[in-house]
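Read top to bottom, the protein sequences are chains S and C.
Taking our numbering, the leading residue of the first sequence gets 17, the next gets one more, and so forth.
Taking our numbering, the leading residue of the second sequence gets 23, the next gets one more, and so forth.
Here the structure comes first, spelled out in structure tokens, and everything after it is commentary.
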Amino acid sequence: MLKTMTLELDPDLLKQARFSNEPHWLKALRENAWKQINSLEMPIFAKINYHAWPLLDFVSHPVFNVTIPESVWSESNGYQFASLGQLVVKTELSEELTAKGVILCDMGTAIHQYGDLVHDFLFHQAVQIDENRLTAVSAALMNGGTFLYVPKNVEIDDPINLLQIQDSRQPGNFVNHTLIVAGENSQFQVLQRSSTLGDEPNAAHIMVEIVAQSGSRVKFSALDSLGQTTHSYINRRGYLEKDARIDWTVGVLNDGNTIADFDSNLVGSGSHTEMQTVAISTDRQTQGIDTQVTNYGRHSEGNILQRGILLGRSALVFNGIGKIIKGAHGAKAQQENRVLMLSPKARGDANPILLIDENDVIAGHAASVGRINQDQMYYLMSRGLTKEVAQRLVARGFLGVVLSDIPVPEVRQQMISLIERKLINGQGTE
Amino acid sequence: MATLQIKDLHVSVADEETKKTKEILKGVNLTMNTGETHAIMGPNGTGKSTLSETIMGNPKYLVTQGDIMLDGTSLLGKPVDERARAGLFLAMQYPAEIKGITNLEFMRAAVNATRPDNDPIPIRTFLKELDKNLEILNMSDDMAERYLNEGFSGGEKKRNEILQLMTIKPKFAILDEIDSGLDIDALQVVAKGVNQMASPNFGVLMITHYQRLLNYIHPDQVHVMMGGKIVKTGNASLATELEATGYAGLRDELGLDVDLVDEDVPAGNGGR
């Protein structure tokens, strides 16, 4: 167990984080969270020691940089929403979707224009403020993010793409919160792209709450490539009501140290989630990923599929947690976690954890930690491929089972290019 | 014209369990030029596969003496991928299966391995040639999209080796028992693919137990290997002769003291 460290956070941080003219309820929410920070414990990530990471080294008096470089403008093409730190670069929702009642805006705008909606869902169903110290920090110090609301029965064909860039051109605090509400029987796809601009060693706190109401279907993809000097805590949580479904595809391709919590709460009967993760660790980086499915609802189903690759002296830990609550009759929980080490000095781990409190359920797990197959390498190299190219092919092949399942072709392509880049960079540091 | 020369090659392998090394090749000499087709025949356990894997640069085989040279430059000390890019190709007896990598992307990567980074083969050129080769080898289009050798039958794997050979176009191809496990029809198809490659800039070294393969791919020279050495070299008729006398017959004719693995009676007239 992790003991609570005493922590002194400058009260100015709370003021700094505030959006302009915050409504009373949000001030109260922040203050409630702030008061609890010290008494709450840090979240537990099995086999990852992150105590010394500067996750809570916030800057009391950050300097705001309001220039948006050309690279960010051009990257924001193809995204409906883009932000750089606390700056909103663009919000661009088609008239058609606006007419259907779809809402897409930055959090600072949402709390004014759609205050009641945000109030109903923010830290209400998916994530609770007092789960641990970091959830409380996210609630107290949230200083940016996105709100997406898709009303009842609305179906959207094209994905909604969110680009959220951490601004590390100067010291600053990045506590980003994305709230997604899927109304009853709505259907849509979302891509969240997170990256870092600049190399100031700032922490990143990224939280996503998805509330999937009855019968809704959400395909959520995330591609994370935060910078090498960024220590990050990433928490993505789904709350699924009756017959709702969320398909997650997450690429954890950060260059800095990361702890990530990806959870789905299958609250409603017949709710279903597929949680697929690809992660690559390189150089001296450590990444720990806890993916949890909790079955509360009868006949709910949650499947976890994770694949990780390690290079250099890096570490990567997958903890897969399948939890079935008493009363979840007929629930299903399967998981498969596999890591492949391309370097003898890397440390990979895959731990399945099943916590089952009901009898008539189906649960299973598979896990493996392996090294690259030398016969495969020899075969590929015997056709002229260099060791590096052969390794990348084997790595890609290993991740293939997740990649081929990515529901949105553009995301798949983007994921593949990011993986290729990460592997090439990782090989460069060997 | 290119030349592959093997001089007094001695090779040992280490037993994976006991870690003891054992000498398999005991002084092999062989010279071949592009434009020529050579066959190496010999009984089981005589070092034929060791020779082919050693030429290609399999790290499991340790060269203790002698040399392997391509156009006068020693290949010893060069890793397998460098040898491949220098123009060697080994059609393997047991190709690896790799899930998640398609045949297509693998072969493209292989072709691009010998091209400059900024000049990869245009995809249309590549696909056009691939279609042509698939047709020659009676392979269906979906072979390109299937994962590399994954779930392939024995015959499909052999054809896939030849498909790679035709795609990569090396200077020298070593075919390690390409005929094993093939029925006559498949053997003809494989031979058709290899014969298609015939050119003054391409040489073939076939390794086989049986004369049958040589009916389809005609050798200029036949070498017989026994006890880790080439014991006799001749033209195509040597293979026919062997078919009649067997390896034991040749051994006795040459007066060699060599055990034949698959033979009940040890060497030396009832032996040791």
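Glycine included, C-beta positions come from ideal geometry on N, C-alpha and C.
Check	Outcome
Quick one: what does DSSP say S:T445 is sitting in, helix, strand or coil?	coil
Note down, in chain order, every chain C residue with its Cβ under 7 Å from the Cβ of S:K235.	Ordered by position in chain C, no residue passes the 7 Å Cβ test against S:K235, which lies about 22 Å from the chain.
Looking at the unbroken alpha helix (DSSP H) that takes in S:I388, where does it start and where does it end?	Careful: S:I388 lies outside any alpha helix (DSSP H) and carries neither H nor E.
Going along chain S in order, which residues have a C-beta closer than 7 Å to the C-beta of C:V102?	Y394, M397 and S398
Just curious, the alpha helix (DSSP H) that C:G268 is in, first and last residue?	A258 to L276
What are the boundary residues of the beta strand (DSSP E) that S:V105 is part of?	L103 to T107
Tell me, please, whether the CB atom of S:G231 is closer than 9 Å to any CB atom in chain C?	no
Where C:R107 and C:E119 are concerned, what is the direct C-alpha to C-alpha distance, given to the nearest angstrom?	22 Å
Excluding the 5 residues flanking C:P192 on each side, which residues of the same chain have their C-beta closer than 8 Å to its C-beta?	A106, G109, L110, F111 and F224
Checking contacts by CB at 9 Å: is C:L47 closer than that to chain S?	no
What residues in its chain sit with their C-beta under 8 Å from that of S:D376, if we drop five residues either side in the sequence?	H345 and G346
Look at the Cβ atom of C:L59, then the Cβ atom of C:M129, and state whether they are nearer than 9 Å.	Position check: residue 59 of chain C holds Thr in this sequence, whereas Leu was assumed. Not closer than 9 Å, so no.
Which value, in whole angstroms, describes the spacing of the CA atoms of S:N37 and S:I127?	9 Å
I need the DSSP call for S:E171, collapsed to helix, strand or coil.	strand
Within its chain, find whatever has a CB closer than 8 Å to the CB of C:E151; leave out the 5 residues flanking it on each side and keep chain order.	T189
Going by beta-carbon coordinates alone, are S:G336 and S:Q308 separated by less than 9 Å?	yes
If you draw a straight line from the C-alpha of S:M158 to the C-alpha of S:H193, how long is it?	6 Å
Mind checking which residues open and close the alpha helix (DSSP H) that includes C:I158?	I145 to I158
Would you list, in sequence order, the uninterrupted alpha helix (DSSP H) runs of no fewer than 4 residues that lie entirely inside the region 85-155 of chain S?	86-91, 111-115, 123-129 and 131-137
According to DSSP, simplified to helix, strand and coil, what is S:T212?	strand
Give the residues from the region 374-393 of chain S that approach chain C closer than 9 Å (Cβ to any Cβ), ordered along the chain.	N389, Q390, D391, Q392 and M393
Using the Cα positions of C:K179 and C:A195, report the straight-line distance between them to the nearest angstrom.	16 Å
Return the residues of the region 78-96 of chain C that lie within a Cβ-Cβ distance of less than 9 Å from chain S, sorted by chain order.	M78, G79, N80, P81 and K82
Tell me, please, whether the CB atom of C:E275 is closer than 9 Å to any CB atom in chain S?	no
Going along chain S in order, which residues have a C-beta closer than 7 Å to the C-beta of C:R107?	G400
With distance defined between alpha-carbon atoms, name the residue in S:P27, S:N48, S:P187 and S:Q180 nearest to S:Q144.	S:N48
Would you say S:R261 reaches chain C, if we count a Cβ-Cβ gap shorter than 9 Å as a contact?	no
Would you mind sorting C:I145 into buried or exposed? The rule is 16 or more other CB atoms within 10 Å of its CB.	exposed
Against chain B, does C:E127 count as a neighbour if the rule is that its beta carbon must be under 9 Å from one of theirs?	Reference to chain B is not applicable here, since the protein chains of this structure are S and C.
Determine, for S:V333, whether the minimum Cβ-Cβ distance to residues of chain C falls below 9 Å.	no
Nearest chain S C-beta to C:P117 closer than 9 Å, yes or no?	yes
S:T107 to S:L207, Cα distance in whole Å?	15 Å
In the structure shown, what three-state DSSP assignment does S:V333 receive?	strand
What residue does the beta strand (DSSP E) around S:S297 start on, and which one ends it?	H288 to S297
Go to C:E178, then tell me how far its alpha helix (DSSP H) extends in each direction, as first and last residue.	G176 to I190
Starting from S:F414, find everything on chain C with Cβ-Cβ shorter than 7 Å and list it in chain order.	G122
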